[in-house]
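Just below is one structure, and these are the notes that go with it.
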Amino acid sequence: MVVAVPQDCADLCALREHMGDCHRCALAATRTRLVFGSGDPHARLMFVGEAPGKNEDLTGEPFVGAAGKLLDELLESIGLARAQVFIANMVKCRPPGNRDPEESEIDICSPFLARQIELVDPVVIATLGRFATHYVLHTTVPITALRGRLYRVGDRRVVPVFHPAAALYDQSKRGVLQDDFRRLRAVLDRADDGERAASDGPAQLVLFDGDPS
Ligand code: URA
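Letter by letter, the sequence shown follows residues 3 to 215 of this note's numbering.
Shown next as structure tokens:
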């Protein structure tokens, strides 16, 4: 199924309204609430996660479980509050048992994410984990090889990081995530308001210059 998002969804509220009681894929049958995303509708930094989990499904808010708590801590460590960023997911409904989202579910749901990105119009996108990173960078390279670097897609900077949930189970990833958030802060600081990464076409790799700390 190809989902077309009408251009008259001129803001996030209109887009949410357009999604309605979405039944475009099978996840509708098992979800409690659709998790559209939340935060500053004009944030300079946007996070893209994978899919809602149990707590998100119950509350309708992204990243409110254990991974969300870690995300809040990481944000705080770089001087940001959740209200200053926008957080959305690849798919808006919880896959049963927290399984990985299927390709067909991503295909159906991703046009809504694409429109969210256009509407929020962030200067920097931080992709949380494999699914978001592969979608935003149009690649299938493993996240371990992609994180720690800065990319440009169109006029946006993209910073792939491990999914916070991965750091809950693997302590070694926590320090890596903290380093990557320091890099993210540096990228944000350098991307002054109005200044855009000048490039078109496929994702470009830009190595971080200097120490992230
Ligand atoms: N994991 C995600 O990727 N998204 C959420 O909203 C919660 C957990």
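In this text, a Cβ means the ideal position worked out from N, Cα and C, and glycines have one as well.
What you are looking at is a predicted structure, and each value in this text was computed from that prediction instead of being measured.
Could you check what DSSP says for V4 in three-state terms: helix, strand or coil?
If you number the sequence shown from 1, residue 4 lands on position 2. Looking at V4 - three-state DSSP - the assignment turns out to be coil, as it is neither helix nor strand.
What three-state label does DSSP hand Q138 in the structure shown?
The residue labelled residue 138 in the question sits at position 136 within the sequence shown. Note that residue 138 corresponds to Val in the displayed sequence, not to Gln. If DSSP states are grouped into helix, strand and coil, V138 belongs with the helices.
Within the continuous beta strand (DSSP E) that includes G51, where are the two ends?
On the sequence shown, residue 51 is found 49 positions in, with the first residue counted as 1. Here the beta strand (DSSP E) through G51 covers L47 to G51.
Can you tell me the Cα-Cα spacing of L170 and N100, whole angstroms?
The residue given as residue 170 occupies position 168 in the sequence shown. The residue given as residue 100 occupies position 98 in the sequence shown. So the two alpha carbons sit approximately 15 Å from each other.
DSSP state of I80, grouped into three classes?
To locate residue 80, count along the sequence shown from 1; it is residue 78. Three-state result, I80: coil.
How do the segment 101-110 and the segment 81-90 stand: do at least 3 beta-carbon pairs fall below 8 Å, yes or no?
No: the two stretches stay apart, fewer than three of their Cβ pairs being nearer than 8 Å.
Nearest-angstrom Cα distance between L47 and I127?
Translated into the one-based positions of the sequence shown, residue 47 becomes position 45. Translated into the one-based positions of the sequence shown, residue 127 becomes position 125. Spanning the two alpha carbons is a distance of roughly 6 Å.
Exposed or buried, which one is A16 when buried takes at least 16 other CB atoms within 10 Å?
Reading the sequence shown from its first residue, position 14 is the one you call residue 16. A16 should be labelled exposed.
Suppose contacts are defined by Cβ-Cβ distances below 9 Å. Is C138 in contact with P113 by that definition?
One-based indexing of the sequence shown puts residue 138 at position 136. One-based indexing of the sequence shown puts residue 113 at position 111. Before going on, a small fix: residue 138 reads as Val here, not Cys. No. Outside cutoff.
On a CA-only basis, which of R185, V122, E58 and L115 is nearest L36? Give me that one, please.
Residue 36 sits at position 34 when you count from the first residue of the sequence shown. Here the closest residue by C-alpha is E58.
Report buried or exposed for M92, applying the criterion of at least 16 other Cβ atoms within 10 angstroms of its Cβ.
Taking the sequence shown and counting its residues from 1, the one referred to as residue 92 is at position 90. Buried.
What is the DSSP secondary structure of P54, reduced to helix, strand or coil?
Sequence index remark: in the sequence shown, residue 54 carries index 52 (1-based). In the structure shown, P54 sits in coil (DSSP, three-state: anything other than H, G, I, E or B).
So, with DSSP's three-state summary, where would you put T146?
Position 144 of the sequence shown holds residue 146. It is helical.
Hey, would you say the C-beta of P97 is under 8 Å away from at least one heavy atom of the ligand URA?
The residue you call residue 97 lines up with position 95 of the sequence shown. Not so, every heavy atom of the ligand URA lies at least 8 Å from the Cβ.
Beta carbon of E52: closer than 8 Å to some heavy atom of the ligand URA?
The count along the sequence shown starts at 1 and reaches residue 52 at position 50. Flag set: Cβ of E52 near the ligand URA.
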